[in-house]
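One structure is given here, and the rest of the page talks about it.
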Amino acid sequence: MKKNIKDVELEDLQNIMASLNQPAYRTEQIRQAIFKFKHTSFAQISNLPKKIKDYLEEQFEITSLEIKTVRKSFDGSIKFLFSLKDGNLIESVYMPWYDDTSEVIERETLCISSMSGCSVGCEFCATGKIGFKRNLQASEILEQIFLVEQYLNTKLTNIVFMGMGEPLLNYNNVVQAIEILTDPNYELFSRKKITLSTAGVANKIKQLATTNRPVKLAISLHFTTNILRSKIMPINLSSPLEDLMDAVELYYKSTKMPITYEYILFAGLNDTDGDVKRLVKIARRVPSKVNIIPFNDISFIQQTNLSKDLKIATKEQIKNFSDKLKENGIVSITRDSFGGDIEAACGQLALSETNISVKIKPIN
């Protein structure tokens with residue numbers, strides 16, 4: 206299988222062009238074509254000599270993904286199922302954010318995947334229940350964005366690494382994609398428009414803080430004690446809360462970017478006054494906010510006895526918990542879930558085909 210040209214590092218492409226006796230600017234012409242102008246064939250790159258286009262065509266691929274199905278929710282969100290070259294599948298979710306009139310879209314966010322499946326295995330997440338298939342290449346991460354923009358004929362405003370997989374366990378490919386997305390030469394995204402959500406890989410959070418273009422960090426926290434967090438989120442066994450919070454503090458000090466803590470509220474499990482007290486202490490370590498997230502149903506996939514016991518908190522319980530955080534000076538926001546009717550909400554991405562597929566328009 207040929208390598209995707211988007212996965213070729215800058216220095217490697219420079220060396221390839223030098224070996225072909227090409228001028229130094231040729232490398233940037235190619236990268237501009239594939240990243241800024243998003244060409245999908247080498248033949249489209251009009252400023253390259255034919256012999257270079259022929260060489261690239263022979264040696265590399267330029268696309269890795271294909272849209273397999275598109276499913277639209279009543280709330281306007283859209284779930285895309287992509288097939289990879291090796292037959293594996295991934296999903297991304299488009300989320301439109303409307304103004305107060307509910308008529309004008311203010312933000313267009315794409316929730317993207319970093320793995321096919323997931324290796325972390327959180328009990329509340331359907332993705333972990335399907336197991337880990339493989340890490341995505343940088344090209345496969347980028348093409349989720351490029352293909353959705355092409356399909357919807359739009360320019361996305363925000364990217365969130367909150368789809369399938371744990372981004373920091375695919376560190377090199379995710380960082381390579383982020384560096385391209387935030388490279389000012391390609392005019393794609395400001396780093397403040399990209400959020401990486403992690404279940405908590407402490408050593409990789411520290412490493413991410415040292416990159417040239419760090420992005421906004423969200424921590425999938427959900428529990429305030431190691432005993433409960435390790436039971437529901439096995440990753441806590443290798444990155445316990447103490448290590449995770451030290452890494453978060455270092456990340457903030459290095460980047461000066463406030464942290465988001467994501468907290469799924471489960472009735473009778475992590476909603477006590479003790480949880481409020483511990484969460485307040487965590488949130489006060491660095492400038493941050495807490496996003497309270499309703500637990501989304503995952504009964505459409507095979508569950509363990511532990512995941513079956515997780516109970517959805519009522520709106521009143523969520524409001525009471527959020528109010529207690531606010532009373533302690535913590536910024537607390539109850540986050541709306543998009544796409545619950547098409548298994549596209551937080552924790553529901555599991556390659557499900559159970560709902561009716563709605564085609565928006567054929568892709569050209």
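Under our numbering, the sequence shown has 354 at position 149, and the numbering climbs by one with no breaks. Beta carbons: idealized from backbone N, C-alpha and C, even for Gly.
First and last residue of the alpha helix (DSSP H) that includes residue i?
i	result
Thr314	It is not in any alpha helix (DSSP H) - Thr314 instead sits in the beta strand (DSSP E) that spans Ile310 to Cys316.
Glu263	Lys255 to Gln264
Met450	Leu446 to Thr460
Tyr230	Tyr230 to Arg236
Ser443	It is not in any alpha helix (DSSP H) - Ser443 carries neither H nor E in the DSSP assignment.
Val280	Here the sequence assigns Asp to residue 280, which means Val is not the residue at that position. First-last for Asp280: undefined, no H or E at that position.
Ala223	Leu215 to Ser224
Asn413	For clarity, residue 413 is Leu in the given sequence; the question names Asn instead. Here the alpha helix (DSSP H) through Leu413 covers Ala407 to Leu413.
Tyr376	Tyr376 to Leu386
Could you work out which residue in the options is closest to residue i when comparing CA atoms only?
i	options	result
Ile410	Gly368, Thr460, Pro439 and Lys397	Thr460
Ile271	Ser282, Leu294, Asp259 and Leu261	The amino acid occupying residue 271 in the given sequence is Glu; Ile does not appear at that position. Per the Cα distances, Leu294.
Ala404	Arg418, Ala518, Leu442 and Ala414	Leu442
Leu556	Gly368, Asn417 and Ile487	Gly368
Leu373	Lys360, Phe329 and Val420	Val420
Leu286	Lys334, Lys243, Glu345 and Leu422	Glu345
Ile487	Phe471, Asn510 and Asp448	Asp448
Leu433	Gly292, Phe329, Ala238 and Ser321	Phe329
Gln355	Lys243, Pro445 and Phe337	Lys243
Asp546	Lys516, Ile503, Gln507 and Ile535	Ile503
Asp311	Thr359, Lys520, Leu511 and Val536	Contrary to the premise, residue 311 reads as Glu rather than Asp in this sequence. That would be Thr359, whose Cα lies nearest to the Cα of Glu311.
Ser246	Leu515, Gln522 and Ser269	Ser269
Thr519	Ile497, Glu532 and Leu511	Ile497
Pro254	Gln227, Asp280, Ile267 and Arg276	Gln227
Using 8 Å as the threshold, is the C-beta distance between residue i and residue j below it?
i	j	result
Ile399	His427	no
Ser318	Gln349	yes
Ile257	Arg236	no
Lys482	Ile538	no
Ile385	Leu352	no
Thr429	Asp478	no
Cys327	Ser297	no
Ile210	Leu261	yes
Phe240	Tyr391	yes
Glu313	Thr362	yes
Tyr299	Ile283	yes
Val380	Thr416	yes
Ser278	Phe543	yes
Glu371	Met320	yes
Pro499	Ile535	no
Lys516	Ala472	yes
Please report the residue range of the beta strand (DSSP E) in which residue i lies.
i	result
Lys290	Premise fails: Lys290 is in no beta strand (DSSP E) and is neither H nor E.
Ile295	Leu294 to Tyr303
For residue i, which residues does DSSP report across the bridge?
i	result
Ala423	Ser402 and Thr465
Thr274	Leu286
Met320	Asn340
Asn539	Looking at the sequence shown, residue 539 is not Asn but Thr. Per DSSP, Ile497.
Leu470	Pro499
Ile517	Phe471
Asn209	Glu266
*Whole beta strand (DSSP E) runs in the stretch 330-374 with 3 or more residues, listed along the chain?*
337-340 and 363-366
*Let me know the beta strand (DSSP E) ranges lying completely inside the stretch 481-507, each 3 residues or longer, listed in chain order.*
493-499
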